[in-house]
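Engineer:
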Amino acid sequence: MSYHYNTGCSLNNLKGVREFIRRSLDGQEVSDLELGAIVLALDEMCSNLMIHAHHCNPDHFIALNIHIPDKGKFIFEIIDDGSMFDINQFQEPKLDNLVHEKRKGGLGIRLVKSIMDKIEYLHEGGKNVCRLTKTI
Amino acid sequence: MVHIKRLQEDGADIIAIVGEIDASSSIELDLAIAKSVGEGYKKILVDCQALEYISSAGLGVFMSYIEELRDKNISFVLFGMKERVLNTFSILGLADLLNIRENKQEAKKLADELSL
Chain A
1 MSYHYNTGCS LNNLKGVREF IRRSLDGQEV SDLELGAIVL ALDEMCSNLM
51 IHAHHCNPDH FIALNIHIPD KGKFIFEIID DGSMFDINQF QEPKLDNLVH
101 EKRKGGLGIR LVKSIMDKIE YLHEGGKNVC RLTKTI
Chain B
137 MVHIKRLQED GADIIAIVGE IDASSSIELD LAIAKSVGEG YKKILVDCQA
187 LEYISSAGLG VFMSYIEELR DKNISFVLFG MKERVLNTFS ILGLADLLNI
237 RENKQEAKKL ADELSL
């Protein structure tokens with residue numbers, strides 16, 4: 001099964017992203033907590049991309065694909081043509097440092113790495129593809 | 137979309153969050169806490185009963201106030217979180233850095249104890 005969604009890079013569209021994921025995974029026997037965590041991880045990835053690669057320009061678009069090849073296996077792809085922002089290259093800050101420096105960012109990447117099994121970056125047909133895999 | 141309401145009860149400022157907090161709406165939470173701290177409240181409770189969702193942008197707001205609240209001796213307690221919202225705090229280990237209680241009564245009790 002596959003689902004597809006396109007959205008402009010306005011942070012106001014994050015709600016639509018979350019609704020798309022919840023709708024697509026409805027009926028997949030995913031617990032409320034697991035679904036919440038998946039929605040959160042994709043929200044974090046999309047907001048990062050919207051902010052850092054597209055400067056929240058609503059005329060720039062990102063695409064989301066969800067593939068469910070087997071029961072309990074989920075592949076999420078976020079596709080865009082901005083500058084690539086590879087979170088695997090990013091050293092997430094320690095919690096103590098965040099508290100001390102009063103930084104409001106940096107937590108999202110830690111969340112995504114905790115929630116997803118695998119995060120890969122590919123370049124396909126001139127586009128960036130971030131592929132996140134999760135098995136439940 | 138998020139709505140944030142403030143009301144005062146027994147000398148405590150209660151910040152009630154209704155809806156979802158993400159990168160587009162975390163600024164409203166930030167402003168509400170800043171106002172409450174700025175107005176000099178020594179006990180601040182955050183009512184999360186109607187908080188449906190929080191992303192790292194919202195968590196970051198809470199984190200950014202931890203030191204200021206400590207320095208100003210402000211008791212700061214969150215309460216009434218739904219399990220999936222609490223799970224977001226737990227994944228990052230923030231549940232240990234912040235005071236979180238199940239209901240308002242327990243939150244008030246803790247705030248009173250902390251301000252002794």
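In order, the protein sequences belong to chains A and B. Numbered by the working numbering, the letters in the first sequence go through residues 1 to 136 in order. Numbered by the working numbering, the letters in the second sequence go through residues 137 to 252 in order. Glycine included, C-beta positions come from ideal geometry on N, C-alpha and C. In this text, all values refer to a predicted model and were calculated from it rather than measured experimentally.
(1) Can you confirm whether the segment 151–167 of chain B touches the segment 119–131 of chain A when touching is taken to mean that 3 or more C-beta pairs between the two stretches lie within less than 8 Å?
(2) Taking CB distances under 8 Å as the criterion, tell me whether serine 172 of chain B reaches chain A.
(3) Would you say cysteine 56 of chain A and leucine 11 of chain A are within 8 Å of each other, going by their C-beta atoms?
(4) Valine 182 of chain B bridges to which residues according to DSSP?
(5) Cβ closer than 9 Å: which chain B residues qualify as neighbours of alanine 37 of chain A?
(6) Could you name the residues of chain B that leucine 111 of chain A contacts, counting a contact when the two beta carbons are closer than 9 Å?
(7) For histidine 30 of chain A, which of helix, strand or coil comes out of DSSP?
(8) Is it right to say aspartate 149 of chain B is buried, meaning 16 or more other beta carbons lie within 10 angstroms of its own, or is it exposed?
(9) Note down the Cα distance separating aspartate 232 of chain B from serine 226 of chain B, rounded to an integer number of angstroms.
(10) Determine whether the beta carbon atoms of alanine 170 of chain B and isoleucine 151 of chain B lie at a separation below 8 Å.
(11) Is the segment 55–71 of chain A touching the segment 203–212 of chain B, taking contact as three or more C-beta pairs under 8 Å?
(12) Since aspartate 207 of chain B is in the alpha helix (DSSP H), which residue starts that stretch and which ends it?
(13) Measure the C-alpha to C-alpha separation of isoleucine 153 of chain B and phenylalanine 74 of chain A and round it to an integer number of angstroms.
(14) Go ahead and pull the three-state DSSP assignment for glutamine 241 of chain B.
(15) Is the Cβ of glutamate 44 of chain A closer than 8 Å to any Cβ of chain B?
(16) Can you check whether the C-beta of glycine 16 of chain A is within less than 8 Å of a C-beta belonging to chain B?
(17) Answer yes if the segment 69–84 of chain A comes into contact with the segment 138–145 of chain B, meaning at least three C-beta pairs across the two stretches below 8 Å, and no otherwise.
(18) Assuming isoleucine 38 of chain A and lysine 134 of chain A make a contact with CB atoms under 8 Å, what is their CB distance in whole Å?
(19) From B/Met217, B/Glu249, B/Glu145, B/Val221, pick the residue whose C-alpha is nearest to that of leucine 33 of chain A; which is it?
Structural biologist: From the atom records:
(1) no
(2) Interface criterion not met: the Cβ of serine 172 of chain B is under 8 Å from no Cβ in chain A.
(3) yes
(4) Beta-bridge pairing links valine 182 of chain B to B/Ile151, B/Leu214.
(5) The answer, in chain order, is Arg220, Asn223, Thr224, Ile227.
(6) Ser191, Ser192, Leu195, Thr224, Ile227, Leu228
(7) The sequence given here has valine at residue 30 of chain A, not histidine. When secondary structure is reduced to three states using DSSP, valine 30 of chain A falls in the coil class, being assigned neither helix nor strand.
(8) buried
(9) For aspartate 232 of chain B and serine 226 of chain B, the distance between alpha carbons rounds to 8 Å.
(10) no
(11) no
(12) 192–207
(13) 32 Å
(14) helix
(15) yes
(16) no
(17) no
(18) 6 Å
(19) In terms of Cα proximity to leucine 33 of chain A, the closest of B/Met217, B/Glu249, B/Glu145, B/Val221 is B/Val221.
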